[in-house]
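Colleague:
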């Protein structure tokens with residue numbers, strides 16, 4: 001009886017020691033639950049990746065197939081959303097650039113300048129870029145004061161080489177005057 005009383009007094013007098021033991025037990029249980037959940041998630045991931053499918057039953061395989069089809073549908077839907085958003089953004093930019101272009105045309109017409117001056121076309125001349133710039137600045141004094149502007153080439157230029165037995169007229173593959181080369185911005 002004295003041993004029981006001493007044990008009772010130790011538990012009542014020292015509640016911190018008792019709570020530490022209970023807390024330790026709770027942590028051990030939580031760790032074991034988390035480990036089991038982690039292993040279950042790893043097993044599910046392997047199944048979704050197509051690994052370790054042998055021991056699965058027919059119902060488990062059908063459930064896995066439904067999960068994969070659902071995930072695929074969600075992925076396709078999200079990809080479509082992103083593409084629609086990108087298209088809307090590009091349309092918005094296109095409208096903005098069209099408005100800016102209209103404003104620049106109005107500004108140019110109001111200033112009374114009707115002479116268009118294009119930038120020199122560096123490709124197709126066979127000269128290196130520095131020689132082309134030097135040649136264009138000697139021929140046009142307006143260009144000699146300015147550095148050459150960077151040019152944007154969209155498409156490609158088709159060079160026609162006349163071979164033996166061919167006619168003097170190069171073939172015209174362009175439809176309705178379309179060109180594969182953009183020659184620089186009109187200033």
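In the UniProt record's numbering, the protein residues as written are 1 to 187.
Even for Gly, the Cβ is constructed at its ideal location relative to N, Cα and C.
With DSSP run on the structure shown, which of helix, strand or coil describes residue 4?
Modeller: Note: residue 4 maps to helix in three-state DSSP.
Colleague: Need the endpoints of the alpha helix (DSSP H) that residue 52 sits in, please.
Modeller: Run containing residue 52: none; DSSP gives neither H nor E here.
Colleague: Count Cβ pairs between the segment 71 to 80 and the segment 92 to 106 that sit closer than 8 Å; are there 3 or more?
Modeller: Cβ pair count under 8 Å is below three, so no.
Colleague: In the structure shown, what three-state DSSP assignment does residue 112 receive?
Modeller: DSSP places residue 112 in coil when its eight states are reduced to three.
Colleague: Please state whether the Cβ-Cβ distance between residue 47 and residue 56 is less than 8 Å.
Modeller: Contact flag set, yes.
Colleague: Suppose contacts are defined by Cβ-Cβ distances below 8 Å. Is residue 68 in contact with residue 61 by that definition?
Modeller: No, the pair does not count as a contact, with Cβ atoms beyond the cut-off.
Colleague: For residue 40, which three-state DSSP category applies?
Modeller: The answer is helix: DSSP assigns residue 40 an H, G or I state.
Colleague: Any idea what DSSP makes of residue 133, helix, strand or coil?
Modeller: A caution first: residue 133 carries a pLDDT of 49, below 50, which makes its placement in the model unreliable, though a value can still be read off. In the structure shown, residue 133 sits in a helix (DSSP, three-state: H, G or I).
Colleague: Nearest CA to the CA of residue 50: which residue from 110, 100, 87, 65?
Modeller: For residue 50, the nearest C-alpha among the options comes from 65.
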